[in-house]
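**Q** Please see the structure below; I have some questions.
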Amino acid sequence: MAVSSFGLVPIVEDLFFRGYHVGALATRYSRAATIFISASVFALVHLQYLRLDLFAILNVASVFVTAAGLAWTVIATRSLLPAMVAHAYANTPRPLERAPYEI
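Counting from 11, one number per residue, gives the positions in the sequence shown under this note's numbering.
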């Protein structure tokens, strides 16, 4: 499960959200609107993490910001690869970064 979250999941999500979705939106909307719509839909898909606490709300907000950055990267580079690498890195567990908060 953990390996799929930073291996398979970013590939599948980026193929759909940044490949298909951004591509389809870009034919109809401006760059800014394409990025905003794509990031909004991506954040909505990740609402399963939303609870009624500040941390969860900020997490969904950070998903939106990350998705906007990934969409911009795809548009700017005309390639999915940089977005896939960044997305995989964002999903990679980093226990040393989280350790002080779990004590």
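In this text, a Cβ means the ideal position worked out from N, Cα and C, and glycines have one as well.
Values in this document were obtained by computation on a predicted structure and should not be read as measured data.
1. How far does the alpha helix (DSSP H) with Thr102 in it reach, from first residue to last?
2. Look up Arg88 in the DSSP assignment and say whether it is helix, strand or coil.
3. In whole angstroms, what separates the C-alpha of Asn101 from that of Ala42?
4. For the segment 44-59 against the segment 71-88, do three or more pairs of beta-carbon atoms, one drawn from each stretch, fall closer than 8 angstroms, so that the two count as touching?
5. Beta carbon of Gly29, beta carbon of Leu90: below 8 angstroms?
6. So what does DSSP say about Asp63, is it helix, strand or coil?
7. Report the three-state DSSP secondary structure of Ser7 (helix, strand or coil).
8. Are there 16 or more other CB atoms within 10 angstroms of the CB of Thr87, so buried, or fewer, so exposed?
**A** Quick answer:
1. Careful: Thr102 lies outside any alpha helix (DSSP H) and carries neither H nor E.
2. coil
3. 25 angstroms
4. yes
5. yes
6. coil
7. Only positions 11 to 113 of the chain appear in the structure, and residue 7 is not among them; the question remains open.
8. exposed
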